[in-house]
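Peer 1: In the numbering used here, the protein residues as written are 1400 to 1566.
We put the CB at the ideal spot given by N, CA and C, even for glycine.
Structure provided below as structure tokens; questions to follow.
Here it is in structure tokens:
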């Protein structure tokens, strides 16, 4: 348990997170001229540099997300400590001891990808196409004013017990 406490108490900085991810990625599936891919990837993705950059960014963002969640937990514990003894914690900060405050996270940038190389429909085009197909239905004013029962217009020609459950 002592080793776990030592590891858990250490809050890695941005460079350590990046180094860890790159070391972990170096031990994964590098096949066909050293290109990384998952076994489940489509053949067209293998060797695609844009895909590799995107996967690297996603894995770094996931590591940063995990660190952020741990930092949030650490901040809650720190908040409790400060509530218990605020003066002692103030003295600790004034002495320059900020080791229990989580370090800053520099969020990984999204890689620059030339999307024009790929045959994609943009979000704007899809939204526009959808709005043309779905026009609101035209409703008669008479139908709109009629009494509705269970979503249907009330019909006086039907008996009162029409389409009702009998006990």
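1) Whole angstroms are fine: how far does the CA of residue 1451 sit from the CA of residue 1495?
2) Does chain D have any CB closer than 8 Å to the CB of residue 1506?
3) Can you give me the C-alpha to C-alpha distance between residue 1456 and residue 1466, rounded to a whole angstrom?
4) The alpha helix (DSSP H) spanning residue 1504 covers which residue range?
5) Roughly how many angstroms lie between the CA atoms of residue 1552 and residue 1559, to the nearest whole one?
6) Quick check on the DSSP output: the alpha helix (DSSP H) that includes residue 1553 runs from which residue to which?
7) If you compare alpha carbons, which of 1441, 1448, 1454, 1446 is closest to residue 1507?
8) Assess, as a yes-or-no matter, whether the segment 1458–1478 is touched by the segment 1500–1516 under the definition of 3 or more beta carbon pairs within less than 8 Å.
9) Would the beta-carbon of residue 1488 fall within 8 Å of that of residue 1478?
10) What does residue 1547 pair with, by DSSP beta-bridge criteria?
11) Roughly how many angstroms separate the alpha carbons of residue 1474 and residue 1441, rounded to a whole number?
12) Is it buried or exposed for residue 1459, if we count other Cβ within 10 angstroms and need 16 for buried?
13) Taking the C-alpha atoms as reference points, what is the distance between residue 1462 and residue 1547?
Peer 2: In this structure, then:
1) As a position in the chain shown, residue 1495 is number 96, starting the count at 1. As a position in the chain shown, residue 1451 is number 52, starting the count at 1. So the two alpha carbons sit approximately 42 Å from each other.
2) Note that chain D does not occur in the displayed structure, where there is just one protein chain.
3) Translated into the one-based positions of the chain shown, residue 1456 becomes position 57. Translated into the one-based positions of the chain shown, residue 1466 becomes position 67. About 15 Å.
4) For the purposes of this step, residue 1504 is identified with residue 105 of the chain shown, where counting begins at 1. Residue 1504 -> no alpha helix (DSSP H), and no H or E assigned at all.
5) Position 153 of the chain shown, counted from the start, is the residue given in the question as residue 1552. Position 160 of the chain shown, counted from the start, is the residue given in the question as residue 1559. Residue 1552 and residue 1559: Cα-Cα distance of roughly 14 Å.
6) Stepping through the chain shown from its first residue, residue 1553 is reached at position 154. For residue 1553, no alpha helix (DSSP H) encloses it, and the DSSP letter there is neither H nor E.
7) By one-based count along the chain shown, residue 1507 stands at place 108. Measuring from the Cα of residue 1507, the nearest candidate turns out to be 1454.
8) Look at the beta carbons and you see the segment 1500–1516 touching the segment 1458–1478: at least three pairs across the two are nearer than 8 Å.
9) By 1-based counting over the chain shown, the position of residue 1488 is 89. By 1-based counting over the chain shown, the position of residue 1478 is 79. Contact: no.
10) On the chain shown, residue 1547 is found 148 positions in, with the first residue counted as 1. Residue 1547 is bridged to 1552.
11) One-based indexing of the chain shown puts residue 1474 at position 75. One-based indexing of the chain shown puts residue 1441 at position 42. The straight-line gap from Cα to Cα measures roughly 42 Å.
12) To locate residue 1459, count along the chain shown from 1; it is residue 60. Residue 1459 is classed as buried because its beta carbon has at least 16 other beta carbons within 10 Å across all chains shown.
13) Numbered from its first residue, the chain shown carries residue 1462 at position 63. Numbered from its first residue, the chain shown carries residue 1547 at position 148. Computed Cα separation, rounded: 55 Å.
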